[in-house]
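Undergrad: Pasting in a structure now, in structure tokens, and then I'll have a few things to ask.
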Amino acid sequence: MRITVLATVAATTMLAACSSGAEPEDVIATIRATEQAQLDAIAGDDLVGIARLYADDAVLVRPDGTRLVGGAAIADAYGDLVADPAFHIEVTPADGWASSAEDVAALASNVDITVTDPESGEPMTEHMISQTVWTRKSGGTWMIRSAINAPRAGDRADVATPMESDVEADVAQDPQEG
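Counting with mature numbering (1 follows the signal peptide of the UniProt record, and there is no 0), you get residues -22 to -1, 1 to 156 for the letters of the sequence shown.
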């Protein structure tokens, strides 16, 4: 746990060091380092370290559409996850952008999360895309404002991508076109 706390402190220091004029790629790299500190906290079952990056009014949306609002609710949900003996998470950075004003950034990652299936009692892995919006006040620490997790397109047959939905709607309106 001490290592997790030190990693979190180091990440926070890096965040505060982001000064005005930083390149968007540098901002994204800083936030990715902060995400890694959070993943280290998850691995160490450190609920304070997990939840500390969420703003007080942050919203986390689960793949099933369930919304968790606020750091306490989000920490409780992570508490349930880390208590699961099958729990494992892998995060692979995907895309991201940061504003030139260094006050907002959005990052996407592919996330594979393994938990115990409540019906079978066996481990199951869900593959999702996570989009996280970060904000900060001038000179302050980057904080998560929202995190939206959705099943990755192609991983579930019953999930249509927005483009697929649009095509189906267009065909339904005029089957002669297309």
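Glycine included, every Cβ here is placed at the ideal spot set by N, Cα and C.
(1) Hey, would you say Ser124 sits closer than 8 Å to Val37, going by beta carbons?
(2) Among the candidates Asp34, Tyr56 and Gly57, whose CA atom is the shortest distance from the CA of Glu47?
(3) Can you tell me the Cα-Cα spacing of Lys115 and Glu80, whole angstroms?
(4) What are the uninterrupted segments assigned as alpha helix (DSSP H) that are 4 or more residues long and contained completely in the region 61 to 89, given in chain order?
(5) From which residue to which residue does the alpha helix (DSSP H) around Arg10 run?
(6) Under the DSSP definition of a beta bridge, which residues are partnered with Leu31?
(7) Residues in the same chain with beta-carbon distance under 7 Å from Thr113, minus the five sequence neighbours each way, listed in chain order, please.
(8) Could you name the residues of the same chain whose beta carbon sits closer than 7 Å to that of Trp75, not counting the 5 residues immediately before and after it, in chain order?
(9) Taking buried to mean at least 16 other C-beta atoms within 10 Å of its own C-beta, is Ala15 buried or exposed?
(10) Do Leu31 and Thr12 have their beta-carbon atoms positioned less than 8 Å apart in this structure?
(11) Between Ala131 and Gly43, what straight-line distance do the alpha-carbon atoms span, to the nearest angstrom?
(12) By Cβ distance below 6 Å, which residues in the same chain neighbour Glu104 in space, the five residues on each side in sequence not counted?
(13) Go through its chain and collect everything with a Cβ distance to Asp62's Cβ below 6 Å, but skip five positions before and after it.
TA: The relevant details are as follows:
(1) Position 146 of the sequence shown holds residue 124. Position 59 of the sequence shown holds residue 37. Cβ distance < 8 Å, so Ser124 and Val37 count as in contact.
(2) Taking the first residue of the sequence shown as 1, we reach residue 47 at position 69. One detail in the question is off: residue 47 reads as Val in this sequence, not Glu. It is Asp34 whose Cα lies nearest to the Cα of Val47.
(3) Within the sequence shown, numbered from 1, the residue matching residue 115 stands at position 137. Within the sequence shown, numbered from 1, the residue matching residue 80 stands at position 102. Each residue's Cα considered, the two are about 9 Å apart.
(4) none
(5) Position 32 of the sequence shown, counted from the start, is the residue given in the question as residue 10. Its alpha helix (DSSP H) spans residues Pro2 to Ala21.
(6) Position 53 of the sequence shown, counted from the first residue, corresponds to residue 31. Leu31 pairs with nothing; no bridge assigned.
(7) By one-based count along the sequence shown, residue 113 stands at place 135. Hits under 7 Å: Asp81, Val82, Met121 and Arg123.
(8) Here residue 75 refers to the residue found at position 97 of the sequence shown. Residues of the same chain with a CB within less than 7 Å of the CB of Trp75, apart from the 5 flanking positions on each side, are Pro2, Ala83 and Ala84 in chain order.
(9) Here residue 15 refers to the residue found at position 37 of the sequence shown. Looking at its Cβ environment, which holds 16 or more other Cβ atoms inside 10 Å, Ala15 is buried.
(10) Against the sequence shown, residue 12 aligns to sequence position 34. Against the sequence shown, residue 31 aligns to sequence position 53. Yes, these two residues count as a Cβ contact at 8 Å.
(11) As a working mapping, residue 131 is identified with position 153 in the sequence shown. As a working mapping, residue 43 is identified with position 65 in the sequence shown. Going by the C-alpha atoms only, they are around 16 Å apart.
(12) Within the sequence shown, the letter at position 126 stands for residue 104. Closer than 6 Å at Cβ, skipping near neighbours: Ile91.
(13) Locating residue 62 in the sequence shown gives position 84, counting from the first residue. So the qualifying residues of the chain are Val93 and Thr94.
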